[in-house]
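Numbering-wise, the UniProt record's numbering puts 758 at position 758 of the sequence shown, and it's gapless, one number per residue.
Glycine included, C-beta positions come from ideal geometry on N, C-alpha and C.
Keep in mind that this is a model prediction, so the values were computed, not measured.
Everything on this sheet refers to the single structure shown next.
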Amino acid sequence: MTTTNSPLHPGVAVTTDSPTSCPIRVLDGSGAGGELVGGKAAALDRLIGWGFPVPAAVVVTADAYRAVATQPAVAAVLDRLFAGADVPADEIDAAFQRAGLPPEIATRVRAAARQVGAGLPVAVRSTATVEDMDASSFAGQYDSVLDVDATAPDAVESAVLAVFSSLHHAAPRAYRRALGIAERDAAMAALIMPMVPAVRSGVLFTQDPTGPANTVRIETVTGLADVLVSGKRTPHVLRVRDGIVPADAGPEIMPLLTAARELERRAGCPQDVEWAWDGERLWLVQARPITVEANAADPFDTPEAELADRTLTTAGIAEMLPGVLPPLRWEVCAFMVEEALRTMLDGLGSLHGEGMTTPHRLLCRVHGRAALDADATGVASVPGTAQKSGGAGKFHAGPSRLAIFRHRLRARTTRRQARFDAEVVIHATAEIDATAPSLDTLPPEELLRYHAALLDLATRAMAAEITVAADAGAIHAGLRTVLARYTGDGEAHRLADLLAVPATTFTPSPRASMAVPAGPTWQEARLHGPADATGAVPGDAPAPAAPAATEDTAVNPDALVDQVLRQLETSARWPKSGLTRWIRVRQVERLGAETAEQLRRREQTKQAILLLGGEIRRVHLEVGGRLAAAGMLTAATDVELLTVAEMRTALRDRQAPPPAVLDRRRRRLRRHEDRDPLPQIFHGRPDTSAPVAVLGRQLTGWAAGSGRFRGVARYLTHADQRIGPDEVLVAVTTDPSWAPLLMRCGAMVIEQGGPLSHAAILAREFGVPAVFNLPGAARALDGRHIEVDGDTGIVTVLEEGPGDALARA
């Protein structure tokens, strides 16, 4: 055995054992391990080693705790706890007190307390082996005993035993369960320190958890800090921004800040520091990492540093991947969409190798929602992105004729491949839907292989759908250009939309995802599908099974062509006879038929993707059900809080993230849900402030549905809300799950989206007046009596409601 002098109390000597078997350990900065002295004491030992002012301290180690815990009376109580019995804290405490410390250890603990106290009372503090960790602090979960008379042997021993027994009280047991820490892995040590005669004391956060960056938060009380930590007294709060200390700050503040900055630098992360000031000298009595910052970024979001110099857009992607995406759904869908975009761009020769090494270069997650890199994908220049004045691209020389020829050749090849892939996927998905296996009998490895196969096919389907949609948009634009030669732009837009209506409408299977692949299905919502526009809501009778996507005749394409040609005949510029007229008629017929055919193919492919998404969802819920039955999840739907890797590991190895981690993810998702949807185009991380109300009584957007309608505007944010047939639905964006609402409403005004969005197609199919591309309109129009003109794209405010946002703006 050796004798060690405390560096802060000269002359105080404590007898200690060798580090290999050590019921008593002095803290001297030599590197005491947390598995022996507990997290709190190990942190203090590091502070001593770094030269910070720490009072003398000695630890009754985890070895001593185990010597008590293995005594028969205590072991019997602990066995009951480990078996799941609810043992009262009083009974646990009594068992430890009756057992007592082994005589040899008790003698040495009493001597150590007298020597460390050096005439002062001592504090006996808890320092568990699962305390003050990087991800969890266990703050306030265990007992500590203050003002213990170091000269009273029974008082010291009783305090140590009280600390030991608090390891097994109900609150810390629940905390450990939430963090997934096994009860038998936990042990306790007791830290003995002299009571600092504090004039002032408190807690310092090197980064204010609720404040801006570079802000230190200092909470101070008179006397001991235990009244602050316990919440018995409201502290004085001082925030120090960028190191600027107020002139009236106390004499302890400057040395405290200096110590805190150095401590954070050495520790490598923000620290929560408990301190005391005795009128002459500063003492640090505890330090631990700040485990959770209130404004900490969502780890599943794209890092802010990667967004700084990028222009992002929700055009197109907000309908494809709507809403807030939980981790599992995000990983599945992000992989599918990213791979699909890369496939299309690579086929067109537009995929640049620079910057494409990261898994999500084209697709980002911001505030839990999906956004596209507008520059990398070129989305910022296509219809639907609301280009601002002054945002023109860089001037550059036009491409050579050879480059144009090569691009057109690539585009033709890519379109042909996409059409082939789309048809393959449509038929393959129908086969999967008809022969879907019973999942509850599949072993884990077979279930995961089936999951991987579904993802592979869905990714191929997504690539085909994106390319087919782009092709449909290009053909539609060409059709508008031809028609505009003989009519005005507005009329050309209307006629092109008329020809773009597919000859058939499609009713998806109830087993298909409603809006986003791997998201909830129509069957889960207890709706029969989008055609169920009778106002059915969750709670109705379950929908019966149905085939993969049934077709219903919707319109007569020849009649639509005749209607358009009759309109063109009224134009003075339309050829009246001869070969030229025949060519123009054939051109309009061909472009109209190609547009409708590609939109049909796009809709069928989209239905296939959503049906595959529903099957992927079925696999996820099967895994979630198994994990819930094993006690690893609260409910089967909680599987969405896992990543793909975590889901696979949990199914194979029975190891899932602890409940506290999943609860934190769930809270983040709720915070994201409370935010407004992302702007249609933005730079870096978007401003989260409310949108500015639109100006004026008459607003002009993009016409997407014929006819006029007058009614009261109702702002909706979710597909499970209700709308009446006499109301105008106003929203920021929609997705396929909104179909019952979109078909039931009298008219619709949507801030985002274009003429080929799902809502626009539905509006044309069902004759619902619709106007799109009116940023900021949804909230401003809410509650007002308005007229929606689906032919001109004009929304007119007829009567103002209370609190006229339009007039004020």
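Inset, instruction - Pull up the CB-CB distance for methionine 188 and serine 126, whole angstroms please, since I reckon it's below 8 Å. - result: 7 Å between Cβ atoms; contact.
Inset, instruction - For my contact list, valine 337 and leucine 307 are in at a C-beta cut-off of 8 Å; report their separation, rounded to the angstrom. - result: With a Cβ gap of about 18 Å, valine 337 and leucine 307 do not count as contacting.
Inset, instruction - Reducing DSSP to helix, strand and coil, say where leucine 129 ends up. - result: Inspection of the sequence shows that residue 129 is occupied by threonine rather than by leucine. Three-state DSSP puts threonine 129 in coil, outside helix and strand.
Legend entry - DSSP state of valine 160 mapped onto helix, strand, coil: The answer is helix: DSSP assigns valine 160 an H, G or I state.
Legend entry - Validate contact between the region 581-589 and the region 741-748 using beta carbons, cut 8 Å, 3 pairs: Taking a cut-off of 8 Å on C-beta distances, the region 581-589 does not touch the region 741-748, as fewer than three cross pairs fall below it.
Legend entry - Beta-bridge pairing of tyrosine 715 - partner residues as DSSP gives them: Within the DSSP bridge table, the entry for tyrosine 715 names Val730 as partners.
Inset, instruction - Determine the extent of the beta strand (DSSP E) in which threonine 215 is found, giving its start and end residues. - result: Annotation: the continuous beta strand (DSSP E) that includes threonine 215 extends over 215-222.
Legend entry - Closest residue to threonine 220 among Arg239, Thr413, Pro212 (Cα-Cα distance): The candidate whose alpha carbon is nearest that of threonine 220 is Arg239.
Legend entry - For glycine 117, the three-state DSSP class (helix, strand or coil): Reduced to three states, the DSSP call for glycine 117 is helix.
Legend entry - asparagine 556 classed as buried or exposed, judged by whether at least 16 other C-beta atoms fall within 10 angstroms: Label assigned to asparagine 556: exposed.
Legend entry - Runs of beta strand (DSSP E) lying entirely within the region 436-496, each at least 3 residues, in chain order: Taking only runs of at least 3 residues, no beta strand (DSSP E) segment lies wholly in the region 436-496.
Legend entry - Sequence-distant residues of its chain with Cβ nearer than 8 Å to phenylalanine 184 (five each side left out): One point to set straight first is that residue 184 is arginine, not phenylalanine, in the sequence displayed. Beyond the five residues adjoining it in sequence on each side, arginine 184 comes within less than 8 Å, by CB distance, of Phe82 in the same chain, given in chain order.
Inset, instruction - Please name the residue, chosen from Ala62, Pro443, Arg511, that lies closest to arginine 652 on a Cα-to-Cα basis. - result: When C-alpha distances from arginine 652 are compared across Ala62, Pro443, Arg511, the shortest belongs to Pro443.
Legend entry - Cβ pair alanine 458, proline 517 closer than 8 Å: It is a contact, given that the beta carbons lie within the stated cut-off.
Legend entry - Min CB distance glutamate 331 to chain E below 8 Å: Among the protein chains of the structure shown there is no chain E, as only one such chain exists.
Legend entry - In DSSP terms, what glutamate 799 is bridged to: Answer by DSSP bridge pairing, in chain order: His785.
Legend entry - With 16 other Cβ atoms within 10 Å as the buried cut-off, status of cysteine 333: Cysteine 333 should be labelled buried.
Legend entry - For serine 513, the residue or residues it bridges with in DSSP: According to DSSP, which records beta bridges pairwise, serine 513 is partnered with Thr521.
Inset, instruction - Buried or exposed for isoleucine 244, please, with buried defined as at least 16 other CB atoms from any protein chain shown within 10 angstroms of its CB. - result: Counting the other CB atoms within 10 Å of its CB gives isoleucine 244 a total below 16, which places it among the exposed residues.
Inset, instruction - Determine the direct distance from the alpha carbon of leucine 610 to that of glutamate 465, and round the result to whole angstroms. - result: Rounded to the nearest angstrom, the two C-alpha atoms are 11 Å apart.
Inset, instruction - Taking isoleucine 92 as part of the alpha helix (DSSP H), name the residues at either end of that continuous run. - result: Element bounds for isoleucine 92: 89-99.
Legend entry - Contact set for methionine 193: own chain, Cβ-Cβ below 6 Å, skip 5 residues either direction: Closer than 6 Å at Cβ, skipping near neighbours: Pro55, Ala57, Ala123.
Inset, instruction - Can you give me the Cβ contacts of arginine 173 inside the same chain, cut-off strictly under 8 Å, excluding the 5 residues immediately before and after it? - result: Only Leu81, Glu183 meet the Cβ criterion.
Legend entry - Reference glycine 368, options Arg415, Asp674, Ile681, Gly776, closest by Cα: When only C-alpha atoms are compared, the closest one is Asp674.
Legend entry - Buried versus exposed, by CB contacts within 10 Å (16 or more), valine 237: Valine 237 should be labelled exposed.
Inset, instruction - Please look up how many angstroms separate the CB atoms of alanine 128 and tyrosine 142, rounded, as I've assumed it's under 8 Å. - result: With a Cβ gap of about 6 Å, alanine 128 and tyrosine 142 count as contacting.
Inset, instruction - Determine, using beta carbons only, whether threonine 733 and glycine 753 come nearer to each other than 8 Å. - result: Using a Cβ distance threshold of 8 Å, threonine 733 and glycine 753 count as a contacting pair.
Inset, instruction - Report the three-state DSSP secondary structure of aspartate 134 (helix, strand or coil). - result: Low confidence applies to aspartate 134: its pLDDT is 43, below 50, so where it sits in the model is not reliable, and the reading given next is rough at best. In the three-state reduction of the DSSP assignment, aspartate 134 falls in the coil class.
Legend entry - Separation of glycine 790 from proline 736, as counted between CA atoms: CA-CA distance, proline 736 to glycine 790, rounds to 20 Å.
Legend entry - Beta-carbon gap between valine 771 and glycine 701 smaller than 8 Å: Against a cut-off of 8 Å, the Cβ pair of glycine 701 and valine 771 comes out as a contact.
Legend entry - Separation of valine 728 from histidine 785, as counted between CA atoms: Taken atom to atom, the span from the alpha-carbon of histidine 785 to that of valine 728 is near 9 Å.
Legend entry - CA-to-CA distance, methionine 632 to arginine 664, given in whole angstroms: Near 16 Å, if we compare the C-alpha coordinates of methionine 632 and arginine 664.
Legend entry - Residue of Arg710, Gln271, Leu312 minimising C-alpha distance to proline 686: Cα-wise, what sits closest to proline 686 is Leu312.
Inset, instruction - Name the one or two DSSP bridge partners that glycine 705 has. - result: For glycine 705, which the question treats as bridged, DSSP gives the partners Ala770.
Legend entry - Residue range of the alpha helix (DSSP H) that includes valine 72: As written in the sequence, residue 72 is proline, which differs from the valine given in the question. Taken as a continuous stretch (DSSP letters only), the alpha helix (DSSP H) holding proline 72 covers 72-82.
Inset, instruction - For methionine 748, write down the residues that DSSP places opposite it in a beta bridge. - result: Leu729, Ala770, per the DSSP bridge assignment.
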